[in-house]
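Numbering (full-length UniProt numbering), first residue to last: 1 to 107. From the three backbone atoms N, C-alpha and C, an ideal C-beta is built for every residue, glycine too.
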């Protein structure tokens with residue numbers, strides 16, 4: 001149930017969730033992974049396996065956060081440059097309109 005709640009919340013859905021369970025059937029593993037679990041460990045937990053898996057989940061989350069932050073920065077940059085282009089376009093239209101007003105009817 002918690003995986004469903006996390007999966008539906010845009011703020012929470014990118015938090016890594018490692019499932020620790022005694023269940024060993026493939027259907028349970030598949031269901032947990034389909035619902036958004038980052039990884040699945042079967043009890044008894046081997047500490048030598050747990051630490052690297054947690055570390056990997058944290059690294060993946062960190063990379064996701066960095067990519068999201070960069071995407072937001074780039075989106076702001078695109079919006080700013082789009083506004084600049086629009087302002088330049090408006091200035092160009094105004095200059096062309098002024099030039100058209102001052103044209104010589106003989107040329």
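Annotation for residue 11: no beta strand (DSSP E) segment contains it, and DSSP assigns it neither H nor E. Counting only runs of at least 3 residues, the region 34-70 fully encloses the following beta strand (DSSP E) elements, listed from N- to C-terminal order: 39-42. Residue 89 has its alpha-carbon roughly 15 Å from the corresponding atom of residue 99. Residue 35 has its alpha-carbon roughly 6 Å from the corresponding atom of residue 3. Distance from residue 45 to residue 32 at the Cβ level is roughly 15 Å; contact not present, criterion being Cβ atoms closer than 8 Å. Three or more pairs of CB atoms, one per stretch, sit closer than 8 Å, so the region 7-26 contacts the region 48-59. The straight-line gap separating the alpha-carbon atoms of residue 94 and residue 81 is approximately 20 Å. In this structure, the straight-line span from the alpha carbon of residue 86 to that of residue 79 is close to 11 Å.
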